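Okay, so here's the structure we're looking at.
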Amino acid sequence: MKTVESHFLDKGNSPHATEEFSWLLSGITLATKIIAAYVQRAGLLEVMGATGRVNVQGEEVQKLDEFANETLVRCLGYRGTIGILVSEEDEEPHVIQEAASGKYIVLFDPLDGSSNINANVSIGTIFSILQRDPHSDSRDVMAHILQPGCKQVAAGYVVYGSSTVLAYTAGEGVHMFTLDPSIGAYLLAQEDIQMPEAGRIYSVNEAYRASFPEGIQHYLDWAKEAGDYSSRYIGSLVADFHRTLIRGGVFIYPGTKKSPEGKLRLLYEANPLAFVAEQAGGTASDGRVRILDKQPKTMHERTPLIIGSTDEVKRVLSF
Numbered sequence: 001m002k003t004v005e006s007h008f009l010d011k012g013n014s015p016h017a018t019e020e021f022s023w024l025l026s027g028i029t030l031a032t033k034i035i036a037a038y039v040q041r042a043g044l045l046e047v048m049g050a051t052g053r054v055n056v057q058g059e060e061v062q063k064l065d066e067f068a069n070e071t072l073v074r075c076l077g078y079r080g081t082i083g084i085l086v087s088e089e090d091e092e093p094h095v096i097q098e099a100a101s102g103k104y105i106v107l108f109d110p111l112d113g114s115s116n117i118n119a120n121v122s123i124g125t126i127f128s129i130l131q132r133d134p135h136s137d138s139r140d141v142m143a144h145i146l147q148p149g150c151k152q153v154a155a156g157y158v159v160y161g162s163s164t165v166l167a168y169t170a171g172e173g174v175h176m177f178t179l180d181p182s183i184g185a186y187l188l189a190q191e192d193i194q195m196p197e198a199g200r201i202y203s204v205n206e207a208y209r210a211s212f213p214e215g216i217q218h219y220l221d222w223a224k225e226a227g228d229y230s231s232r233y234i235g236s237l238v239a240d241f242h243r244t245l246i247r248g249g250v251f252i253y254p255g256t257k258k259s260p261e262g263k264l265r266l267l268y269e270a271n272p273l274a275f276v277a278e279q280a281g282g283t284a285s286d287g288r289v290r291i292l293d294k295q296p297k298t299m300h301e302r303t304p305l306i307i308g309s310t311d312e313v314k315r316v317l318s319f
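Residue 319 is where the sequence shown ends in my numbering, and the numbering goes up by one at each step.
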């Protein structure tokens, strides 16, 4: 039996494969285990529904969003190597310590797809880890946060579904773990996962088709005419991406006439999933450039996202 933290140290190929980084990872795994326990008992704990508050994204905050956010902040706030925390739910970053000793930055979407919880649909947590930029003023918080995705040290996600599954990469492949509730630990389920190069599945919210860019509309027309493509759309980014990672295909969340820059957040949704996808042999683009090459301008910047099997992403982009 191998846990996430021991597996990370055993791989040993990364300069960050240290006890202190493993301690950071343990903060993430602890938080997600607590969140998983609440998700499984959501109907019994009176944590269903909205709080009545609207977050910085203009979205109604669910009670579980608030709980997940507070849990991650608390579990990570006391890890000595963490300097900055960035959450989808908070307008400003949490600066834990300005000194270089707090060299890591953790960015996260605490509970992706939480509006689906009362329908018992799979939801999840997405996380990204950066290192402070050594060339920037240690007091310039945004200079450290606004780094392109190719600078990520590690990234991953947790799916709270029929089982609780964690997938992570530290630049040496993608590895998957399943939470064993009997012992309270994530145990290694599969190493070096490879996304299929092609997959006859496309995932997109076609209700907005008329407002998609013409190229995406033409692709959807082609996929229907091809006759051997299936449409699968869950509505939780983590769940849709997890299926794409395992079975192949393409997930598309383009810009629309109303939101030309898309709705997914670059730093803590698109970047970490793009890192995972590429490490598994897949591809991620905003329709013009590679996601991991994008230079973020703001903390909550949004982006279109086309992600999945390399052949399928290329096909979408060809339109």
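Quick reminder that beta carbons are idealized off the backbone N, C-alpha and C, glycines included. Computed from a predicted model, the values in this text were never measured in an experiment.
When you compare the CB positions of V86 and L305, do they come within less than 8 angstroms of one another, or not?
It is not a contact, given that the beta carbons lie outside the stated cut-off.
Please say whether A280 and V174 have beta carbons closer to each other than 8 angstroms?
For V174 and A280, yes; Cβs fall inside 8 angstroms.
Thinking C-beta only, is Y219 closer than 8 angstroms to F319?
Closer than 8 angstroms, so yes.
In whole angstroms, what separates the C-alpha of G27 from that of W222?
G27 and W222: Cα-Cα distance of roughly 45 angstroms.
Decide yes or no for the touch test of the stretch 131-144 against the stretch 156-164: beta carbon pairs closer than 8 angstroms, at least 3 of them.
Too few Cβ pairs lie closer than 8 angstroms, so no.
Buried or exposed: which applies to T310, given that a residue is buried once 16 or more other Cβ atoms fall within 10 Å of its Cβ?
Buried: at least 16 other Cβ atoms inside 10 Å.
Where does R101 fall in DSSP's three states?
It is Ser, not Arg, that sits at residue 101 in the sequence shown. Residue state, collapsed to three classes: coil.
Taking the alpha helix (DSSP H) that V39 belongs to, which residues open and close that run?
It spans E19 to Q40 - the alpha helix (DSSP H) in which V39 sits, taken as one unbroken run.
With DSSP run on the structure shown, which of helix, strand or coil describes T310?
Here T310 sits in helix by DSSP.
When you compare only the Cα positions, how much space is there between G249 and G308?
Taking the straight line joining both Cα atoms gives about 6 angstroms.
Give the range of the beta strand (DSSP E) segment to which D320 is assigned.
Look at the range of the chain in this structure, 1 to 319, and you will see that residue 320 is not part of it.
Could you give the DSSP three-state label for I246: helix, strand or coil?
I246: helix per DSSP, three-state reduction.
Which residues share a DSSP beta bridge with G156?
According to DSSP, G156 bridges with F127 and Y168.
Where does K33 land, buried or exposed, given buried means 16+ other C-beta within 10 angstroms?
Counting Cβ neighbours within 10 Å, K33 comes out buried, since at least 16 surround it.
For E88, does the count of other Cβ atoms within 10 angstroms reach 16, so buried, or fall short, so exposed?
When all chains shown are included, E88 counts as buried.
Kindly indicate which residue of S211, T244 and A185 has the alpha-carbon position closest to the one of E197.
The shortest C-alpha separation from E197 is found at T244.
Along the alpha helix (DSSP H) that carries G77, what are the first and last residues, could you check?
Note, G77: alpha helix (DSSP H), K63 to G77.
Starting from Y186, trace the beta strand (DSSP E) both ways and give me its first and last residue.
Where Y186 is concerned, the enclosing beta strand (DSSP E) stretches over A185 to Q190.
Taking only three categories from DSSP, how would you classify V106?
The answer is strand: DSSP assigns V106 an E or B state.
Thinking just about the alpha-carbon of each residue, which of G171, E91 and T81 is nearest to the one in S101?
Checking every option, the nearest Cα to that of S101 belongs to T81.
Please list, in chain order, all residues of the same chain as L107 whose beta carbon is under 6 angstroms from its beta carbon, the five residues on each side excluded.
V86, S128, L267 and Y268.
Pull up the distance between the alpha-carbon of R247 and that of D240, whole angstroms please.
Rounded to the nearest angstrom, the two C-alpha atoms are 11 angstroms apart.
For T169, is the classification buried or exposed, using 16 other Cβ atoms within 10 angstroms of its Cβ as the cut-off for buried?
Classification of T169: buried, given that the 10 Å Cβ count is 16 or more.
Could you check what DSSP says for F251 in three-state terms: helix, strand or coil?
Of the three classes helix, strand and coil, the one that applies to F251 here is strand, per DSSP.
Would you kindly report the start and end of the unbroken beta strand (DSSP E) that includes V86?
Looking at the DSSP string, the run of the beta strand (DSSP E) that includes V86 is I82 to S87.
Quick one: measure Cβ to Cβ for T3 and A185, integer angstroms, because I've assumed they're closer than 8 angstroms.
With 8 angstroms as the limit, T3 and A185 qualify as a contact, their Cβ atoms being about 5 angstroms apart.
Go ahead and label M142 buried or exposed: buried means 16 or more other beta carbons lie within 10 angstroms of its beta carbon, across all protein chains shown.
Per the 10 Å Cβ criterion, exposed.
Under 8 angstroms by Cβ, that's how I've got L179 and T164 pegged, so tell me the actual separation to the nearest angstrom.
L179 to T164, Cβ: 4 angstroms. Contact.
How about the stretch 205-218 and the stretch 251-271: do they share at least three Cβ pairs that are nearer than 8 angstroms?
Because the criterion of three Cβ pairs below 8 angstroms is met, the stretch 205-218 and the stretch 251-271 touch.
Can you tell me where the beta strand (DSSP E) holding I201 begins and where it ends?
Counting along the chain, the beta strand (DSSP E) containing I201 begins and ends at I201 to S203.
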